[in-house]
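The sequence shown begins at 77 in this note's numbering and counts up one residue at a time. We treat Cβ as the ideally placed atom computed from N, Cα and C, and that holds for glycine. Remarks on the structure that follows.
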Amino acid sequence: AKVADVRLFGDFGTGGVVHDRVGGGEVVKDPYYGGANGFEEVYQQVSRFSRGFLDHLEQNHGGSE
């Protein structure tokens, strides 16, 4: 039986690449400490992680329907 593979959001990189070590990816920044552009930077970062996560799902768990 396969054990669950729990990952941090920052582990999902561009193109569905997942960091080798759990928790070894990029840390999601705190927008309150990011100056005037803090929230925009975090939005861009989270958007990138989301695309990476969805690419990973499609590549590894996508089925042909």
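Residues G92 of the same chain have their beta carbon placed closer than 6 Å to that of Q135, with the five preceding and five following residues left out of the count. The beta carbon of G86 sits closer than 7 Å to the beta carbons of G101, E102, V103, V104 and F125 from its chain, once the five residues preceding and following it are set aside; these are given in chain order. Within its own chain, the residues whose Cβ lies closer than 8 Å to the Cβ of V122, once the five positions on either side in sequence are excluded, are F85 and V104, listed in chain order. Shown here, V94 sits in a strand according to DSSP, grouped into three states.
Note: F88 is bridge-paired with V94 in the DSSP secondary-structure output.
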